[in-house]
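Notes for the one structure printed next.
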Amino acid sequence: MKLLLGIPGGIAAYKAADLARLLTREGHTVRCVLTEAGSRFITPLTLASLTGEPVFGANPALPEWRPSPTVEHIELARWADLVAIVPATADLLGKTANGLANDLLSTILLATKAPILWAPAMNTQMWAHPAVQGNVARLNGFGQAFIEPAEGLLACGEEGSGKLAEVEAIAEAIRALGALKLPAIQEKTVLVTAGPTREDLDPVRTLTNRSSGSMGVELARALRDAGAKVKLVLGGDLPAPHGVETVRVRSAEEMLRACQAWWPSCDGIFAAAAVADQRPERMAAEKVKKTEGPETLSLIRTPDILATLSASKHPGQWLVGFAAESEHHTDHAQAKLAKKGLDAVLVNDVQAGRGFGAVENTLTPITAEGPLAPLGPHPKDQLARAVVAWWAAQQH
Ligand SMILES: Cc1cc2nc3c(=O)[nH]c(=O)nc-3n(C[C@H](O)[C@H](O)[C@H](O)COP(=O)(O)O)c2cc1C
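Convert by adding 13 to the 1-based position in the sequence shown; the result is the number in the working numbering.
Following this line, the structure appears as structure tokens:
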């Protein structure tokens, strides 16, 4: 991705350097544009060294408004796949919301057709001011995206909202906005389940499994990046991805209820959660004492989420399941496909340290036609993108 990183004059400007470094390391081309005030907080030399790209702006040492065969602000506005403003100042928000453009960065902001992401940072009272909030609403109305400032101790010594969002969260929002959209996935509403379920024995003990939830969370991200509206039902403790509507659940029963609430409005589901097959027959209201036993744990079946959703599906809805198998992978997955009325099952070989918690993973898609070429081995983020691309190709 070609990212134009605009850096105005806020105290958090030094964090833009971290962001530039992070995104450059990921393989994106990052070009920084400093406002005059921005160049008082961070030097072009730092940014050029971190990105390996020229830095533009109002500092006399930088190329701006110089006689040139090309019109620089229009060239840069066209060059960018995405423009991110980090940290967005009250000043630049106000200028852009009102169509003012008196330097390179503000001109680019009016001239570009690329998506724009603002990451504001300022004093709490400034951020809360109706004039600033009005400008944010106006820019929102133009289709520009925001990553809200966080709460915390600000450089001015005040505590409250106005702190620049975490660099990783900004990077995440940039990835989400700038990713390549897949037409077969774009505008679709996709339900994703992820993570382990937890079936409680008493208030302190629980039955669970070794799933971390990372495959499902990466799938939610990849679907979001491909342009889907993603609804994530998440067990376990992983953070929810930015821009994904998420509900957190504990047990298989809760996961089913959350899925049922969303399912009628969805085009399909990727069910990547590791759902418990059984749960304790009863949960003790108080912690069971060592002396009380029980010696034997009585288990009952949990509801089958995919089979339940499949039974109530409307025409056009699709279901993709996951199977973690340690033996007879194809037979088990094909049985699952037929029994639950699924469109595909992605088989995860959990033998020999692969699958749960592993860094790299391979998934073999199995459809009514039989097993297809395996996807991977890849790290899970890459694997998730491969799954989404494969599924998009199946839709043609
Ligand atoms: C030390 C210092 C810190 C500042 N921090 C911020 C800030 O965090 N957010 C903000 O909106 N303005 C901040 N300002 C004010 C801006 O620098 C000022 O509005 C400037 O004109 C912004 O210009 P620009 O938007 O063209 O970069 C700060 C000013 C100073 C002197």
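Glycine included, C-beta positions come from ideal geometry on N, C-alpha and C. All figures in this text were calculated on a predicted structure; none of them were measured in a lab.
Here the alpha carbon of Glu305 sits roughly 12 Å from the alpha carbon of Glu299.
According to the DSSP assignment, Gly165 belongs to the beta strand (DSSP E) that extends over Ala163 to Leu166.
Under the three-state reduction of DSSP, Val68 is assigned to coil, being neither helix nor strand. Considering only Pro209, Arg211, Pro162 and Val205, the residue with the shortest C-alpha distance to Ala186 is Pro162. Runs of the alpha helix (DSSP H) lying entirely within the region 206 to 246 and spanning at least 4 residues, in chain order: 227 to 238. Taken through DSSP and simplified to helix, strand or coil, Ile98 comes out as strand.
For Gly107, the uninterrupted alpha helix (DSSP H) segment begins and ends at Ala103 to Ala110.
Ranked by Cα distance from Arg237, the first of Ser225, Val333 and Thr202 is Thr202. Within the model, the alpha-carbon separation for His255 versus Lys242 is close to 12 Å. Annotation: Ala33 to Arg261 spans about 32 Å, alpha carbon to alpha carbon.
Secondary structure note for Val400: it is in no beta strand (DSSP E), and the uninterrupted alpha helix (DSSP H) holding it is Lys393 to Gln407. Cβ neighbours of Asp213 within its own chain (closer than 6 Å, five residues either side excluded): Thr219 and Met296.
Taking a contact as a CB-CB distance under 8 Å, the pair Glu266 and Thr315 counts as one, their CB atoms being some 7 Å apart. In the DSSP assignment, Pro316 falls outside any beta strand (DSSP E), carrying neither H nor E.
If you look at Pro378, you'll find it in the beta strand (DSSP E) that goes Glu373 to Thr380. Ranked by Cα distance from Asp290, the first of Gln347, Ala337 and Leu251 is Ala337. Bridge partners of Phe335 according to DSSP: Leu359.
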